[in-house]
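Asks: Residue numbers (this note's numbering): 13 to 352. Ideal placement from N, C-alpha and C gives every residue a C-beta, glycine not left out. Can you read through this structure? Questions will come right after.
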Ligand code: PMP
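Below, the structure written as structure tokens:
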């Protein structure tokens, strides 16, 4: 019996508690006792979920000194495949380099490790969270001398905004919190500490009953949501911003730009003023976790009739076809979990 075929049975054989179906369903819950996955990849080894721990003196815990990624694996007609694995690993290296964090593995090693982890857990559809951070050695701000910890987690995680959001859309607000300036923290890197800005914005949005928040920069331009890029549809043209607006350059954003090109949709990359949002025909958010989520309203003003618009639907359909290996044009974006 192989680990891939029967991961849960094997977990029992090696003395790890079996993952209950309930735990798999409650998949966004990552408390240690729920065990959403059998295994974690940690510093070169596959270890049981509960053994993947760090010490409380860890530099990354105190100062947010780490860089991470978010990747999805989808089931396809040829078996589970990771979507744009290479792009995510490349951005991980770029984020690490920004902070002088030297990943002690090659791009190939980390791609192999990610695939190995998904195989070990036996997942077909899952979310993958690679993270690199400075561990325990000093709590001086300069992490020099701290060991570099590299961990890859994977667990089943349905759409971040909930199962209906992809069709019904979500209600978002403009956040009273400004997006961090790229002159203070380079927003093109995906670093742990910078997410405190997103946490403040999502906490405020959620207290006020909104599903997500859009942040403006200090000059009043639209940047992005707490964990997604933003697109508008304006008279059949797609509009989004770029790094000039302090956004993380999302892999999903790039995918949508390429799919828009396939669909002969005109794309404008420009700074966006908040007024532009309210007058848009459609708006949607993009991210690995939330895929293509329509925006139904902003600050309670319905956008394009308050439901998913036609252009959003067309792109969302193309996206789903692509990530699940049904778009022959972009099969090169897939890395199969089981070698073919
Ligand atoms: N912006 C922010 C701030 C994010 O955290 C994310 C999620 N990684 C995105 C945009 C979308 O990036 P991607 O499409 O690569 O998931």
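Assess contact between the stretch 58-78 and the stretch 200-218, defined as three or more Cβ pairs (one per stretch) separated by less than 8 Å. Is contact present?
Replies: yes
Asks: Nearest by alpha-carbon distance to residue 133: which of 167, 115, 151 and 109 is it?
Replies: Translated into the one-based positions of the chain shown, residue 133 becomes position 121. Residue 133 has its Cα closest to that of 167, out of 167, 115, 151 and 109.
Asks: Taking only runs that begin and end inside the stretch 255-310, name each unbroken alpha helix (DSSP H) of 4 or more residues, in chain order.
Replies: DSSP runs (the alpha helix (DSSP H)) wholly in the stretch 255-310: 263-274 and 286-290.
Asks: Express the C-alpha separation of residue 299 and residue 331 in angstroms, rounding to a whole number.
Replies: As a first step, residue 331 is located in the chain shown; it is residue number 319 there, counting from the start. As a first step, residue 299 is located in the chain shown; it is residue number 287 there, counting from the start. Approximately 11 Å between the Cα atoms of the pair.
Asks: Just the Cα atoms here: how many angstroms apart are residue 69 and residue 59?
Replies: The residue you call residue 69 lines up with position 57 of the chain shown. The residue you call residue 59 lines up with position 47 of the chain shown. Each residue's Cα considered, the two are about 21 Å apart.
Asks: Compute the minimum distance between the beta carbon of residue 338 and the heavy atoms of the ligand ADP, and state whether it is under 7 Å.
Replies: The ligand ADP is not part of the structure shown, which contains the ligand PMP as its ligands.
Asks: Helix, strand or coil, according to DSSP, for residue 248 in the structure here?
Replies: Along the chain shown, one-based indexing puts residue 248 at 236. Looking at residue 248 - three-state DSSP - the assignment turns out to be coil, as it is neither helix nor strand.
Asks: Would you call the stretch 257-268 and the stretch 208-216 touching, i.e. three or more CB-CB distances under 8 Å?
Replies: no
Asks: What's the C-alpha gap between residue 243 and residue 295?
Replies: For this step, residue 243 is matched to residue 231 along the chain shown. For this step, residue 295 is matched to residue 283 along the chain shown. Answer to the nearest angstrom: the Cα atoms are 6 Å apart.
Asks: Does the stretch 275-292 touch the stretch 245-253, meaning 3 or more C-beta pairs lie closer than 8 Å?
Replies: yes
Asks: With 16 other CB atoms within 10 Å as the buried threshold, where does residue 173 fall?
Replies: Counting from one through the chain shown, the residue named residue 173 turns up at place 161. It is buried - the Cβ of residue 173 has at least 16 other Cβ atoms within 10 Å.
Asks: Can you tell which of 108, 122 and 111 has the C-alpha that lies nearest to the C-alpha of residue 97?
Replies: Indexing the chain shown from 1 puts residue 97 at position 85. Ranking 108, 122 and 111 by Cα distance to residue 97 puts 122 first.
Asks: Classify residue 89 as buried or exposed, calling it buried when 16 or more other Cβ atoms lie within 10 Å of its own Cβ.
Replies: Translated into positions along the chain shown, residue 89 becomes position 77. So residue 89 counts as exposed.
Asks: Pick out whichever of 147, 92, 177 and 176 has its Cα sitting closest to the Cα of residue 163.
Replies: Numbered from its first residue, the chain shown carries residue 163 at position 151. Residue 147 is the option with its Cα nearest to residue 163.
Asks: For residue 347 and residue 142, what's the separation of their Cα atoms in angstroms?
Replies: As a first step, residue 347 is located in the chain shown; it is residue number 335 there, counting from the start. As a first step, residue 142 is located in the chain shown; it is residue number 130 there, counting from the start. Residue 347 and residue 142: Cα-Cα distance of roughly 16 Å.
Asks: Could you pull the DSSP bridge partners for residue 78 from this structure?
Replies: Numbered from 1 along the chain shown, position 66 holds the residue referred to as residue 78. 145.
Asks: Tell me the start and end of each unbroken alpha helix (DSSP H) in the stretch 104-140 that is at least 4 residues and wholly inside, in chain order.
Replies: 119-133
Asks: Thinking just about the alpha-carbon of each residue, which of 183, 165, 234 and 176 is nearest to the one in residue 47?
Replies: Taking the chain shown and counting its residues from 1, one reaches residue 47 at position 35. Of the candidates 183, 165, 234 and 176, the one whose C-alpha sits nearest the C-alpha of residue 47 is 165.
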